[in-house]
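Residue numbers (my numbering): 69 to 560.
Note that the Cβ used here is the ideal one computed from N, Cα and C, for glycine as well.
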């Protein structure tokens, strides 16, 4: 699944079923690169092979190059039959049928000007084959030399004797391609693809359903390979992530509560968990009541466990100073961007978010308080706030989740049951309809005298467009303004 804001490069594996080991090694290499060099360069690699296009394809695969839009893939890895170079496979490539298939593959790919890596697998060392059957070796060697045309985007042919040789060649060449692509991107010479951030050209939004089905297949295949992975931005709260599968791209998520129910602490707890534990890139837009400096203090308190009151006045114990300095170092490496522009408008938020997304690749946008956001061009008739669809459009445009806080009115407290519910959003116009996920925070000890429920916070998922609703329990440590997983987790 592509990371938000990353450039996606798709690899197409053209290979028969005989070379399952090689295909498995390619997938393993890609996974390692996605957690190493590619990740460092802001690139994510995806893999597709013939069997994923049409599982019923047999050996006669030449026709596939007339059916597939080869321009949809950025790199092709072609692996020729195991029988090449072996007595059982015959000595003439033209007699095997693979000659036509891979010549067609080469010609189709050469026209795209994209990198090609072509292999043939020989179970005997080339030197041995030369001695055993020099005439056959000359024919085989001449066949593969046609691919040695030079140039960085021309065909590349490689032989290998062992699977470790193969793995090393694939890794080295993919690393070279990644570095070359990054240099071109820095120079502004890369060719944009469907996975880049698009401008507002109407033609760019029209896609054949086959393209979308291909991406959908990749997503389901990735989910099946890693069944326990959270595919949205993880909040760090186990039960919440189970219900939502993380904060999903293009979703607008609202966290609402009455005053003094620690919405900002919840939002910052999510930001801290996502940034430090899961290395996500996060933009936080603060309201009038929160400055960047206060926000940093909140995050440092959450990280150190030092009482916020003592920390704010500098009353640290001797053994707390190392905790404090270490937290400063840890937070300095986090990819968190803070903006405390007074009277922030939606237009400013959008411009700043787009800039950050293009430069760093955002995974999550947090708006501290939706009520303080203004739209210069239009407003919701009932509240004067920006039409909530603007934030939804931003989430969709950047393909990142937008998480925002909302303060409910005193009407909640006039009921016997103080738990917020969807009807409490009636005065916020179309918000209930537009938001993908609506969560409420309810702290029982604000209203109930019950020692058992002390420091317990209930997170109520009242609306969830793509999954279940329910309620989870978290621990709220008020002296640290921090939410944590409960020791005993329950789902309702």
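Item, Value
"Taking buried to mean at least 16 other C-beta atoms within 10 Å of its own C-beta, is residue 559 buried or exposed?", "Low confidence applies here, because residue 559 scores a pLDDT of 45, under 50, leaving its location unreliable and the question unanswered by this model."
"Which residues does DSSP list as the beta-bridge partners of residue 472?", "322, 435"
"In chain order, what are the residue ranges of uninterrupted beta strand (DSSP E) at least 3 long that sit wholly in the segment 375-411?", "404-407"
"Taking the beta carbon of residue 236 as the centre, do at least 16 other beta carbons fall within 10 Å, making it buried, or is it exposed?", "exposed"
"Taking C-beta to C-beta, are residue 424 and residue 354 nearer than 8 Å?", "no"
"Just checking my contact of residue 474 with residue 324 at CB under 8 Å: how many whole Å lie between their CB atoms?", "4 Å"
"Between which two residues does the beta strand (DSSP E) carrying residue 478 extend?", "Residue 478 -> no beta strand (DSSP E), and no H or E assigned at all."
"Is the beta carbon of residue 341 closer than 8 Å to that of residue 304?", "yes"
"Mapping DSSP to helix, strand and coil, what is residue 83?", "coil"
"What's the gap between the Cα of residue 98 and the Cα of residue 88?", "15 Å"
"Reducing DSSP to helix, strand and coil, say where residue 146 ends up.", "strand"
"If you draw a straight line from the alpha carbon of residue 271 to that of residue 428, how long is it in whole angstroms?", "Unreliable placement is indicated for residue 271, whose pLDDT of 44 sits below 50; the coordinate value is still reported in the next sentence. Near 26 Å, if we compare the C-alpha coordinates of residue 428 and residue 271."
"Do the segment 528-548 and the segment 367-382 make contact, defined as three or more Cβ pairs closer than 8 Å?", "yes"
"Which term fits residue 544, buried or exposed, when burial requires 16 or more other beta carbons within 10 angstroms of its beta carbon?", "buried"
"Spell out the partners DSSP gives residue 442 in its beta bridges.", "413"
"Does DSSP classify residue 285 as helix, strand or coil?", "helix"
"Going by DSSP in three states, residue 76 sits in which element: helix, strand or coil?", "strand"
"Have a look at residue 510 and residue 419 and give me their C-alpha separation to the nearest angstrom.", "34 Å"
"At the level of alpha carbons, what is the spacing between residue 143 and residue 94?", "12 Å"
"Around the Cβ of residue 393, are there at least 16 other Cβ atoms within 10 angstroms (buried) or fewer (exposed)?", "exposed"
"According to DSSP, what are the bridge partners of residue 539?", "528"
"Could you give the distance in angstroms between the alpha-carbon of residue 365 and the alpha-carbon of residue 358?", "11 Å"
"Alpha helix (DSSP H) containing residue 298: first to last residue?", "Taken as a continuous stretch (DSSP letters only), residue 298 belongs to no alpha helix (DSSP H), as it is neither H nor E."
"Could you check the C-alpha separation between residue 320 and residue 243 for me, to the nearest Å?", "37 Å"
"Would you kindly work out how many angstroms separate the C-alpha atoms of residue 109 and residue 247, rounded to a whole number?", "8 Å"
"What's the gap between the Cα of residue 239 and the Cα of residue 491?", "56 Å"
"Give me whichever residues DSSP pairs with residue 544 in a beta bridge.", "551"
"Looking only at C-alpha atoms, which of 397, 251, 277, 434 sits nearest to residue 337?", "434"
"Does DSSP put residue 514 in a helix, in a strand, or in coil?", "helix"
"Within its chain, find whatever has a CB closer than 8 Å to the CB of residue 370; leave out the 5 residues flanking it on each side and keep chain order.", "336, 337, 340, 548, 549, 550"
"Where does residue 339 sit, in a helix, a strand or coil, going by DSSP?", "helix"
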